[in-house]
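Enquirer: Numbering (full-length UniProt numbering), first residue to last: 1 to 320.
Don't be surprised by glycine CBs; every beta carbon is placed ideally from N, CA and C.
Since the structure is predicted, the reported quantities are computational estimates derived from the model, not experimental observations.
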Amino acid sequence: MAAKPFASSADLGVKEQTLEVLADGVYALTAEGDPNLGAVEGEDFLVCFEALATPVAARRWLAKLREHTDKPVRYLVLSHYHAVRVLGASAFDAEVVVSSEQTRHLIEERGRQDWGSEYGRMPRLFEEPESIPGLTWPTMTFRDRLTIELGGDRGELVLGFLGRGHTEGDIVAWLPEHEILFAGDLVESQAALYTGDAFHFDWAAGTLDRVKALGARQLVGGRGRIARGRDEVDAAIEQTRDFLLTMQRTVGEVHRAGGTLRQAFEATHTALAPRYGAWPIFEHCLPFDVSRLWDEFSGIERPVIWTAERDRAVWDQLQG
Ligand SMILES: [Zn+2]
1 MAAKPFASSA DLGVKEQTLE VLADGVYALT AEGDPNLGAV EGEDFLVCFE
51 ALATPVAARR WLAKLREHTD KPVRYLVLSH YHAVRVLGAS AFDAEVVVSS
101 EQTRHLIEER GRQDWGSEYG RMPRLFEEPE SIPGLTWPTM TFRDRLTIEL
151 GGDRGELVLG FLGRGHTEGD IVAWLPEHEI LFAGDLVESQ AALYTGDAFH
201 FDWAAGTLDR VKALGARQLV GGRGRIARGR DEVDAAIEQT RDFLLTMQRT
251 VGEVHRAGGT LRQAFEATHT ALAPRYGAWP IFEHCLPFDV SRLWDEFSGI
301 ERPVIWTAER DRAVWDQLQG
């Protein structure tokens, strides 16, 4: 049997991007499993959520958004540090780039390596990579919560850190008025989870509980379709939790029995594939996911930094 191509390096199919209006002045872009984006109108400014992998890719989203509003971007909110979410930031000409303090620290600590890693894994998302001017640096950070007054009768947008999850510093953007949540990669709706930089135990318990407790009626996850209505929102959250708990069970069993990482990978693949195997980026993510969870079971507190070289080594060991 031929070896599987590395990560998403062979995925070259163009995805259709769809702008959806969730409420008056509230927008989301979905793209058949590619990273989602959001935007919220203030009275005389815009808040954008996520930035894609390059300025050229981000400009195509902005062109769609400009069919609805020409307000300037005051805030660009980064849900977390991953390259495919942040390196397009310069296209927004935002006054302020916002993230959690933790995300700023992660960019300092591992942003450069993550850029190389993600470019190798998902080259298709890096449209015209030479258009990236460098790492994206947040200019405003917060620890737990930041409220943006939208002006007029538009209410407020609440940015919140709800606990460690997909990374050490993920934040969500919550519109209480409309009960709309931009959850970033903390929730995936019918897309596989990337957990290679995750805190599986925090994420599956307290963090997702706090996401759920917001009581959103529309939820835009990191990838996949928009969940509409409480039932779909809860289903997306519980899908995310089930993926994490299934991994914890299978990797934990092999780890406790003194097995190998490879055995943990195979057991997890077998357990997850019937429900999640056909979803976007499943095969791509799983080796990195299991590797990180194996480290957590081994007592390694913070994720080991992924580099292009380490990516290949883990891939060859597990998917090769
Ligand atoms: Zn991510």
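(1) Say yes only if the C-beta of Arg110 is nearer than 7 Å to one or more non-hydrogen atoms of ligand 1, and no if none qualify.
(2) Could you pull the start and end residues of the alpha helix (DSSP H) that Ser99 belongs to?
(3) Could you check if Tyr194 belongs to the surroundings of ligand 1, using beta carbon to heavy atom distance under 7 Å?
(4) Ligand 1 and His82: does the residue's C-beta get closer than 7 Å to at least one heavy atom of that ligand?
(5) Return yes when at least one heavy atom of ligand 1 lies under 7 Å from the C-beta of Arg85, else no.
(6) Contact defined as beta carbons within less than 8 Å: I believe Trp294 pairs with Leu261. What is the distance between those atoms, to the nearest angstrom?
(7) Can you say whether Gly160 is buried or exposed, counting buried as having 16 or more other CB atoms within 10 angstroms of its CB?
(8) What ranges does the alpha helix (DSSP H) occupy inside the region 246-304, keeping only unbroken runs of at least 4 residues that lie completely in it?
(9) Measure the beta-carbon distance from Asp93 to Val73 and round it to whole angstroms, keeping in mind my assumption that it falls under 8 Å.
(10) Where do the ends of the alpha helix (DSSP H) carrying Asp209 lie?
(11) Tell me whether the region 215-224 and the region 34-48 touch, counting them as touching only if at least three CB pairs, one residue from each stretch, are closer than 8 Å.
(12) Using the Cβ count rule (16 or more neighbours within 10 Å means buried), how would you classify Arg164?
(13) Using the rule of at least 16 other Cβ atoms within 10 Å of the residue's Cβ for burial, across every protein chain shown, is Glu41 buried or exposed?
(14) Give the secondary structure of Leu19 by DSSP, where H, G and I count as helix, E and B as strand, and everything else as coil.
(15) Below 8 Å, how does it come out for the region 93-106 and the region 265-285: are there three or more Cβ pairs, yes or no?
(16) Taking three-plus beta-carbon pairs below 8 Å as touching, is the region 107-119 in contact with the region 151-160?
(17) How long is the line joining the alpha carbons of Met1 and Val14, rounded to whole angstroms?
(18) Output the boundary residues of the alpha helix (DSSP H) element that contains Asp316.
(19) Evaluate Arg140 with the Cβ neighbour count: other Cβ atoms within 10 Å of its Cβ, from every protein chain shown; 16 or more gives buried, anything less gives exposed.
(20) Under the DSSP definition of a beta bridge, which residues are partnered with Trp174?
(21) Buried or exposed: which applies to Glu188, given that a residue is buried once 16 or more other Cβ atoms fall within 10 Å of its Cβ?
(22) Look at Leu181 and Leu214 and say whether their C-beta atoms are less than 8 Å apart.
(23) Counting C-beta neighbours from all protein chains within 10 Å, is the total for Ser298 16 or more, i.e. buried, or is it exposed?
(24) Would the beta-carbon of His80 fall within 8 Å of that of Gly184?
(25) Which residue from Leu52, Asp70, Arg59 puts its Cα closest to that of Leu46?
(26) Secondary structure at Pro35, three-state DSSP: helix, strand or coil?
(27) For Leu78, name the three-state secondary structure that DSSP assigns.
(28) Applying the 10 Å Cβ sphere with the 16-neighbour rule, what's the burial state of Ala28?
(29) Taking 7 Å as the cut-off, is the CB of His200 close to at least one heavy atom of ligand 1?
(30) Between Lys64 and the rest of its own chain, which residues show a CB-CB distance below 8 Å, the 5 nearest in sequence each way excluded?
(31) First and last residue of the beta strand (DSSP E) that includes Leu46?
(32) Helix, strand or coil: which one does DSSP assign to Ala204?
(33) Quick test of the definition: if touching needs 3 or more C-beta pairs under 8 Å, does the region 118-132 touch the region 195-207?
(34) Would you identify the three-state DSSP class for Leu186, choosing helix, strand or coil?
Expert: Looking at the coordinates:
(1) On the sequence shown, residue 110 is found 110 positions in, with the first residue counted as 1. Not a single heavy atom of ligand 1 lies less than 7 Å from the C-beta of Arg110.
(2) Numbered from 1 along the sequence shown, position 99 holds the residue referred to as residue 99. Counting along the chain, Ser99 falls outside any alpha helix (DSSP H), though it belongs to the beta strand (DSSP E) covering 96-100.
(3) Numbered from 1 along the sequence shown, position 194 holds the residue referred to as residue 194. Yes, Cβ of Tyr194 sits closer than 7 Å to a heavy atom of ligand 1.
(4) Start at 1 with the first residue of the sequence shown, and residue 82 comes out as number 82. Flag set: Cβ of His82 near ligand 1.
(5) Start at 1 with the first residue of the sequence shown, and residue 85 comes out as number 85. Result yes, Cβ under 7 Å from ligand 1.
(6) Along the sequence shown, read from residue 1 onward, the residue named residue 294 stands at position 294. Along the sequence shown, read from residue 1 onward, the residue named residue 261 stands at position 261. Their Cβ separation, rounded to whole angstroms, is 5 Å, which keeps Trp294 and Leu261 in contact under 8 Å.
(7) Here residue 160 refers to the residue found at position 160 when the sequence shown is read from its first residue. With 16 or more other Cβ atoms within 10 Å, it is buried.
(8) Segments of the alpha helix (DSSP H) lying fully in the region 246-304: 261-276, 282-297.
(9) The residue labelled residue 93 in the question sits at position 93 within the sequence shown. The residue labelled residue 73 in the question sits at position 73 within the sequence shown. Indeed they touch by this definition, with Cβ atoms about 6 Å apart.
(10) For the purposes of this step, residue 209 is taken as the residue at position 209 of the sequence shown. It spans 208-213 - the alpha helix (DSSP H) in which Asp209 sits, taken as one unbroken run.
(11) As far as the Cβ criterion goes, the region 215-224 touches the region 34-48, which means the pair count is three or higher.
(12) Counting from one through the sequence shown, the residue named residue 164 turns up at place 164. Buried, because 16 or more other Cβ atoms sit within 10 Å of the Cβ of Arg164.
(13) For the purposes of this step, residue 41 is identified with residue 41 of the sequence shown, where counting begins at 1. It is buried - the Cβ of Glu41 has at least 16 other Cβ atoms within 10 Å.
(14) Position 19 of the sequence shown, counted from the first residue, corresponds to residue 19. Note: Leu19 maps to strand in three-state DSSP.
(15) The answer is no - the region 265-285 does not touch the region 93-106, with fewer than three Cβ pairs under 8 Å.
(16) Result no; under three Cβ-Cβ pairs closer than 8 Å.
(17) As a first step, residue 1 is located in the sequence shown; it is residue number 1 there, counting from the start. As a first step, residue 14 is located in the sequence shown; it is residue number 14 there, counting from the start. Confidence at Met1 is low in this model, with a pLDDT of 44, below 50, so its placement is unreliable and no value can be given for it.
(18) Residue 316 sits at position 316 when you count from the first residue of the sequence shown. Start and end: 308-318.
(19) By one-based count along the sequence shown, residue 140 stands at place 140. The amino acid at residue 140 is misidentified as Arg; the sequence shows Met. So Met140 counts as exposed.
(20) Counting from 1 along the sequence shown, the entry for residue 174 is found at position 174. When beta bridges are read from the DSSP output, Trp174 appears opposite Val158, Leu181.
(21) By 1-based counting over the sequence shown, the position of residue 188 is 188. Classification for Glu188: buried.
(22) Counting from one through the sequence shown, the residue named residue 181 turns up at place 181. Counting from one through the sequence shown, the residue named residue 214 turns up at place 214. Yes, the pair counts as a contact, with Cβ atoms nearer than the cut-off.
(23) What you label residue 298 is simply residue 298 of the sequence shown in a count that begins at 1. Burial call: exposed.
(24) Position 80 of the sequence shown, counted from the start, is the residue given in the question as residue 80. Position 184 of the sequence shown, counted from the start, is the residue given in the question as residue 184. In this structure, the beta-carbon distance from His80 to Gly184 falls below 8 Å.
(25) Residue mapping note: residue 46 aligns to position 46 of the sequence shown, counting from 1. Considering only alpha carbons, the answer is Asp70.
(26) For the purposes of this step, residue 35 is taken as the residue at position 35 of the sequence shown. DSSP places Pro35 within a strand segment (E or B) once states are collapsed to three.
(27) If you number the sequence shown from 1, residue 78 lands on position 78. Coil at Leu78, not helix or strand.
(28) In the sequence shown, counting from the first residue as 1, residue 28 sits at position 28. Flag for Ala28 reads buried.
(29) Reading the sequence shown from its first residue, position 200 is the one you call residue 200. No; taking the cut-off as 7 Å, the Cβ of His200 has no heavy atom of ligand 1 nearer than that.
(30) Within the sequence shown, numbered from 1, the residue matching residue 64 stands at position 64. Around Lys64: Gln17, Leu19, Leu29.
(31) In the sequence shown, counting from the first residue as 1, residue 46 sits at position 46. Start and end: 46-49.
(32) For the purposes of this step, residue 204 is taken as the residue at position 204 of the sequence shown. Helix at Ala204.
(33) The region 118-132, when compared against the region 195-207, does not touch it at the 8 Å Cβ threshold.
(34) On the sequence shown, position 186 is the one that residue 186 refers to. Note: Leu186 maps to coil in three-state DSSP.
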